[in-house]
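Chains as they are written, first to last, in this note's numbering: chain A, 1 to 239; chain B, 1001 to 1365.
Where a beta carbon is used, it is the ideal one built from N, C-alpha and C, also for glycine.
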Amino acid sequence: MPIIEVENLVKKFGSFVANDHLTFSVEAGEIYGFLGANGAGKTTAMKILCGLSAPTSGKVMVAGYDVARQSEMVKKRIGYMSQRFSLFEDLSVWENFQFYGGIYGLPAAKIRQRTTELLGRLGLESEKNQLLGSLPLGWKQKLAFSVAIIHQPSIVFLDEPTGGVDPITRRQFWEIIYETASQGITVFVTTHYMDEAEYCRRVSIMADGRIVALDTPANLKAKYQAANIEEVFLKIARS
Amino acid sequence: MRGFIIKEFYHIFRDIRSMVILFGMPVVQVLLFGFALSTEVKNAPVAIIDHSNDQVTRAITSKLLSSGFFVLSDQVPGEGHIEEVFRHGKVKEVIIFENDFAAKLEKDHQAGMQVIADASDPNTANLLVNYTSAIVNDYQQEYLKGMLLPATITTQTQMMYNPALTSIYMFVPGVITILLMLITAMMTSISIAKENEMGTMEILLVSPMRPIQIIAGKVIPYVLLAFVNAVSILLLSYLVLGMPVKGSLVLLLAESLLFIVMALSLGIFISTISKSMQMAMMLSMFALMLPTILLSGFIFPIENMPLPLQIFSNIMPPRWFIIIVKSIMIKGLGFQYIWKETLIIAGMALFFIALSIKKFKVRMD
Chain A
1 MPIIEVENLV KKFGSFVAND HLTFSVEAGE IYGFLGANGA GKTTAMKILC GLSAPTSGKV
61 MVAGYDVARQ SEMVKKRIGY MSQRFSLFED LSVWENFQFY GGIYGLPAAK IRQRTTELLG
121 RLGLESEKNQ LLGSLPLGWK QKLAFSVAII HQPSIVFLDE PTGGVDPITR RQFWEIIYET
181 ASQGITVFVT THYMDEAEYC RRVSIMADGR IVALDTPANL KAKYQAANIE EVFLKIARS
Chain B
1001 MRGFIIKEFY HIFRDIRSMV ILFGMPVVQV LLFGFALSTE VKNAPVAIID HSNDQVTRAI
1061 TSKLLSSGFF VLSDQVPGEG HIEEVFRHGK VKEVIIFEND FAAKLEKDHQ AGMQVIADAS
1121 DPNTANLLVN YTSAIVNDYQ QEYLKGMLLP ATITTQTQMM YNPALTSIYM FVPGVITILL
1181 MLITAMMTSI SIAKENEMGT MEILLVSPMR PIQIIAGKVI PYVLLAFVNA VSILLLSYLV
1241 LGMPVKGSLV LLLAESLLFI VMALSLGIFI STISKSMQMA MMLSMFALML PTILLSGFIF
1301 PIENMPLPLQ IFSNIMPPRW FIIIVKSIMI KGLGFQYIWK ETLIIAGMAL FFIALSIKKF
1361 KVRMD
């Protein structure tokens, strides 16, 4: 059963068409790569899926709810991590978890349990009283991801989560993503690293507001006779 | 919601700059305005040229010198060299009594004295001349007592509400207004702009919290802090500067709360139109601070401004709040005298809230 269903999504800003009749669906528990050059319309589509922006026309269902009319219900069931680092630097690790758990309405005991669990998974329990600002970027990104799933959402949206992070941390980050997906949380991720696209179960590639390719990485490579996704991407972007 | 407020307090208490603005500034400002920037004139050096040196001129002189406003300068210029002593800046006022002062007063019921002040500092000169003529008038009345004379017209000046012309009375309402305006509007606009800039606002908007809850969570801590500030300024001016509250304290605090809410909504509005923390800070400094000080009637009387500025000062919220504070603190008036000003501030608050909500919604699309 698809957890995200998008049918003929159109988003216009004045006469500019940012999303031109997008149609796709994402299965529950899937890792879905949402690719495209800068300005292709990825961020706009992602904002609509998160209920931050209303579609001009078309049907968008997320976690069983219509984002245009039931955005409150959608928001409770999704997590979001933006490309900009978005935890509070002047709060400690623990306080950040408390705060974000709180805005999702989790009870105090549940927040404590989830915080311990997530920090344990990252091996960062001993850093819980440190201010966020004093930690290295790689750790912060991992913490931001943990915060985005503190309320155990059905879907987590990751907007270029590994920007500016070293290769080792990137690898560890993807291990956490896999682990998360194996627990049944759907991962919807945008990235500019084409090697990361290979980790996804399926990827779509956007250009000029439209989805021009959507399939598993293996099928896309076969179809475009390319050695890797990067080549596929370049072939699509140049055509 | 509770977590939100706690988090906001962490932000404030862990940032040295916020702490200084919040708690250092009120104390410094009140003390500065109270002690250093006094517009009262005390012990102004005065030179007296007495051509009569009779009992009347000596009486007037001693009355002047015992008033506390003047001290006798040791410089006694010759008649033609008055300008010289002013140029040295050692004398603020020169008084000249004409010949045969007492005799003329007795015979003609009229005697002349000249008061010359150094008006390169117009405020001081004005004050000194006023003090002098008041003291002379006073003497004149004493002198006339018990004498049967044709009716003499004497000007009688009275300084209502502030008989000692204490400048603290003028400054405390202004300082309260400026601080409340600055702390609340500036701090909220900066803190919301910071959240925008850091990208945390995006995360908050994706969460199930409603925009109105987000804004309330950001604003409530500042309402509390600004209120604490208002109370501490009042306490400080009462204990240290001896400024009384003649009217109802409850009314004063309620009006302060209203003004705080107005300043907050202005702060929210500023944050919705600024793209960065810097811009929010510049906007609050230049769009709020300067007009508050210059156009609210705090330092310069509104009646003396050119007409366009007088009209412009009407849209300055502090102008109305200063009137309210003065009415309650100094005149001891009740709500029936200030309901109009209250209504204007409430209207401004509603206006800015409506504008901010509209701006906020536009951004969401």
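Item, Value
"Given Ala109/A as reference, the closest of Gly163/A, Ile150/A and Gly14/A once Cα atoms are compared", "Ile150/A"
"Beta carbon proximity, Ile1005/B to chain A, threshold 7 Å", "no"
"Partner residues on chain A for His1011/B, Cβ-Cβ distance less than 7 Å", "Asp90"
"CB contact flag (Val232/A, Leu214/A, <7 Å)", "no"
"Residue ranges of each alpha helix (DSSP H) within the stretch 1192 to 1231 of chain B, 4 or longer", "1200 to 1206"
"Chain A contacts from the stretch 1185 to 1209 of chain B (Cβ-Cβ distance under 8 Å)", "Met1198, Gly1199, Thr1200, Glu1202, Ile1203, Leu1204, Leu1205, Val1206, Ser1207, Pro1208 and Met1209"
"Contiguous alpha helix (DSSP H) assignments of at least 4 residues, all confined to the stretch 1007 to 1059 of chain B", "1016 to 1019 and 1025 to 1031"
"Ala1117/B, DSSP secondary structure in three states", "strand"
"4-residue-minimum alpha helix (DSSP H) runs that sit fully inside the stretch 81 to 109 of chain A, ordered along the chain", "93 to 103"
"Three-state secondary structure (DSSP) of Pro2/A", "strand"
"For Leu1355/B, the residue or residues it bridges with in DSSP", "Answer is none; Leu1355/B lacks a bridge partner."
"Chain B within 7 Å of Cys50/A, Cβ atoms only", "yes"
"Three CB pairs or more closer than 8 Å across the stretch 162 to 170 of chain A and the stretch 42 to 56 of chain A", "no"
"For Tyr1139/B and Ser1062/B, the rounded distance between their alpha carbons", "11 Å"
"Short CB-CB distance (under 7 Å) between Arg1014/B and chain A", "yes"
"Segment contact flag, the stretch 66 to 82 of chain A with the stretch 1180 to 1193 of chain B, C-beta cutoff 8 Å, min 3 pairs", "no"
"Contact with chain B by Ser82/A, beta-carbon distance below 7 Å", "yes"
"For Gly58/A, the three-state DSSP class (helix, strand or coil)", "strand"
"Bridge partners - Tyr1131/B, DSSP secondary structure assignment", "DSSP output for Tyr1131/B lists no bridge partner at all."
"Within chain B, partners of Tyr65/A - CB distance below 9 Å", "What Tyr65/A touches in chain B: nothing, since even the nearest Cβ is about 12 Å away."
"Beta-carbon proximity list for Ala1280/B, same chain, < 7 Å, skipping 5 on both sides", "Ser1189, Ile1190, Ala1193, Ile1270, Ser1271 and Ser1274"
"CB contact below 7 Å: Gly102/A versus chain B", "yes"
"For Leu135/A, the first and last residue of its enclosing beta strand (DSSP E)", "That residue, Leu135/A, is in no beta strand (DSSP E); it is neither H nor E in DSSP."
"Positions along the stretch 1 to 21 of chain A whose CB lies within less than 8 Å of some CB in chain B", "none"
"Buried versus exposed, by CB contacts within 10 Å (16 or more), Phe1171/B", "buried"
"Euclidean distance between Cα positions of Met1329/B and Ile1233/B", "13 Å"
"Own chain, CB closer than 6 Å to Leu1236/B, minus 5 neighbours either side, in chain order", "Val1030"
"Pairwise C-alpha distance: Glu89/A and Ser134/A", "8 Å"
"First through last residue of the alpha helix (DSSP H) which encompasses Ser1256/B", "Leu1249 to Ile1273"
"Ile185/A, buried or exposed, once every other Cβ within 10 Å from all chains shown has been counted against 16", "buried"
"For Arg1210/B and Lys12/A, the rounded distance between their alpha carbons", "25 Å"
"Any chain B beta carbon closer than 7 Å to Lys110/A", "no"
"Between the CA atoms of Ser1327/B and Leu1333/B - distance to the nearest angstrom", "5 Å"
"Residue-chain proximity (Lys223/A, chain B), Cβ-Cβ < 7 Å", "no"
"Chain B within 7 Å of Arg170/A, Cβ atoms only", "no"
"C-beta neighbour in chain B for Lys47/A, strict 7 Å", "no"
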